[in-house]
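**Student:** Numbering (the numbering used here), first residue to last: 1085 to 1241. Just so you know, even glycine gets a beta-carbon here, dropped at the ideal spot from N, CA and C. Being a predicted model, the structure only gives us computed values, none of them experimental.
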Amino acid sequence: MLITCISYGQNRQMARKGKAMDGEMKERIEARLIAFITTELDLSTDEAQDFWPIYNEYREKFETARAENRPDQKKWDVMSDEEAAQLIESRIKMEEDNIALRKQYYNDLKPVISNKKIAKLMMVEREFKSKMLSSLKERMRKNPERRKMREREQQRN
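1) Taking 8 angstroms as the threshold (C-beta atoms), are M1178 and A1151 in contact?
2) Distance, Cα to Cα, R1223 vs E1141?
3) Report yes if the C-beta distance between E1131 and V1196 is below 8 angstroms; otherwise report no.
4) Between I1176, L1117, S1128 and E1167, which lies nearest to R1143 when the distance is taken from Cα to Cα?
5) Taking just the CA atoms, how far does S1214 sit from F1146?
6) Between E1167 and S1174, what straight-line distance do the alpha-carbon atoms span, to the nearest angstrom?
7) Just verifying my parser: in three-state terms, what is the DSSP assignment at L1193?
8) Along the chain, which unbroken stretches of the alpha helix (DSSP H) at least 4 residues long are found entirely within the stretch 1098–1153?
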């Protein structure tokens, strides 16, 4: 019993530490993203000052919409036809909302940066994501224990 309690306490401490590390990692990624976009778009000081509040607002709205429309983790084989239809409708609405949000984002950015920079922004975001995923895969390949820990943590949640 005592060993179980100690083990449970250690697991909870590791989980808290993992969440803190995730927060730190998120901050580091955000800093890299800001530097990457600023450099790749060659934003002037004035452009950056107007660009980042719009960009951050858009990302927050997009993340909120994505979180609200995330489907349940139900098993597909036990989902009823009605639930599947609701899921499809929800996905379509989410995509429509995303298109409307992207149009608004484009209109908000037009007075701040050139159309050329707006078009490049879309490519730069994809490039950053690709680089981050490649980096993560490489770290996981080099450190299989980290991968196992992350898999165990995902199974618990």
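**Tutor:** Taking the structure as given:
1) no
2) 31 angstroms
3) yes
4) L1117
5) 19 angstroms
6) 10 angstroms
7) helix
8) 1129–1152
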